[in-house]
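Residue numbers (the numbering used here), protein chains in the order written: chain U, 1 to 113; chain W, 1001 to 1115. One structure is given here, and the rest of the page talks about it.
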Amino acid sequence: GAGVSQSPSNKVTEKGKDVELRCDPISGHTALYWYRQSLGQGLEFLIYFQGNSAPDKSGLPSDRFSAERTGGSVSTLTIQRTQQEDSAVYLCASSSYSSGEQFFGPGTRLTVL
Amino acid sequence: RKEVEQDPGPFNVPEGATVAFNCTYSNSASQSFFWYRQDCRKEPKLLMSVYSSGNEDGRFTAQLNRASQYISLLIRDSKLSDSATYLCVVNIHTAGGTSYGKLTFGQGTILTVHP
């Protein structure tokens, strides 16, 4: 079956612009996660959705970052007024339950000029 | 102190060698433990879960020491295809429950296996 998909695969934007990154999780997976990985760094947790529960937003670095998950499926990560330090690969993952194996999408490589 | 710490390496070993990676975690509330593998410019993929009794999957052996808050991964008979970054991953379960499922990743250990 289809894995986790993300779009766009690459995004180049100018400082100060807003960007939206999309994640389509594996069908039926109730848990969805966003991470980011800067060059040469480990993965940094951003936000976690589990079913209809309130999301865990504890990893969002600033109020410029927000995420939604509509209908318990597709998720959008929005970064407002992008800064150069936002440049990273943004990875989405989903799992069939909250402690299960997380399957990652290919990521969106964001470059802020 | 980082929640999950790994020796970043790089480890450069010849084919056939045995190599071990270590990882420590700081939060004793940690519930689940994993090793993920990440190839260059690719997404991470689960290599194996780590169980309290230790577990083996072919050439790979994972160990967990809860008392010392220490996890290890042993790779025997290294192959060229084992070259990758190995990520130590911990699931920290907070009392509130909302962080259940949130994974905390180590920085990764780079392994290069050469002919």
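Ideal Cβ positions, reconstructed from N, Cα and C, are used throughout, including at glycine. Predicted model, so just to flag it, every value in this text is computed and none were measured.
Unbroken beta strand (DSSP E) run spanning residue i, endpoints
i: W:P1014; result: 1011 to 1014
i: W:C1088; result: 1084 to 1092
i: U:K11; result: 10 to 13
i: U:L76; result: Residue 76 of chain U is actually Thr in this sequence, not Leu. Here the beta strand (DSSP E) through U:T76 covers 75 to 79.
i: W:D1057; result: 1055 to 1057
i: W:L1073; result: 1070 to 1075
i: W:A1062; result: 1060 to 1065
i: W:E1005; result: 1004 to 1006
i: U:R64; result: Where U:R64 is concerned, there is no enclosing beta strand (DSSP E), given that its DSSP letter is neither H nor E.
Same chain, Cβ closer than 7 Å to residue i, five either side skipped, listed in chain order
i: U:Y90; result: L21, W34, R36, L77, G107, T108, L110
i: W:G1009; result: T1109, I1110, L1111
i: W:Y1036; result: P1044, K1045, L1046, L1047, L1087, V1089
i: W:T1098; result: Summary for W:T1098: the model assigns pLDDT 46, below 50, so the residue's position carries little reliability; its value from the coordinates is reported in the next sentence. Same-chain partners within the cutoff: there are none.
i: W:D1057; result: M1048
i: W:R1059; result: I1075, R1076, D1077
i: W:A1084; result: R1037, Q1038, D1039, L1111
C-beta contact flag for residue i and residue j at 8 Å
i: W:G1106; j: W:V1004; result: yes
i: W:F1033; j: W:I1071; result: yes
i: U:Q102; j: W:L1103; result: yes
i: U:G28; j: U:F45; result: no
i: U:S62; j: U:R69; result: no
i: W:T1024; j: W:Q1063; result: no
i: W:R1066; j: W:S1053; result: no
i: W:D1082; j: W:V1113; result: yes
i: U:A88; j: U:S7; result: no
Collapsed DSSP secondary structure at residue i in the structure displayed
i: U:Q84; result: helix
i: W:L950; result: A question about residue 950 of chain W goes unanswered here, because the residues of chain W that appear run from 1001 up to 1115.
i: W:T1018; result: coil
i: U:T70; result: helix
i: U:K17; result: coil
i: W:R1041; result: coil
i: U:L113; result: coil
i: W:Y1051; result: coil
i: U:Y97; result: coil
i: W:R1001; result: coil
i: U:Q41; result: coil
i: U:H29; result: coil
i: U:Q50; result: strand
i: U:V89; result: strand
Same chain only: Cβ atoms within 6 Å of residue i, ignoring 5 sequence neighbours per side
i: U:G51; result: T30
i: U:K57; result: I47
i: U:D86; result: I79, V112
Spatial neighbours of residue i in its chain, beta-carbon cut-off 8 Å, leaving aside the 5 residues before and after
i: U:K11; result: V19, L21, T108, R109, L110, T111
i: U:Q84; result: K15, V112, L113
i: W:D1007; result: F1021, N1022, T1109
i: U:S5; result: C23, D24, G105, P106
Within chain A, the residues that residue i reaches when beta carbons sit closer than 7 Å
i: U:E101; result: No chain A appears in the structure shown, which is made up of the protein chains U and W.
Any non-hydrogen atom of the ligand NAD closer than 7 Å to residue i Cβ
i: U:Q37; result: No copy of the ligand NAD occurs in the structure displayed, which carries no ligand at all.
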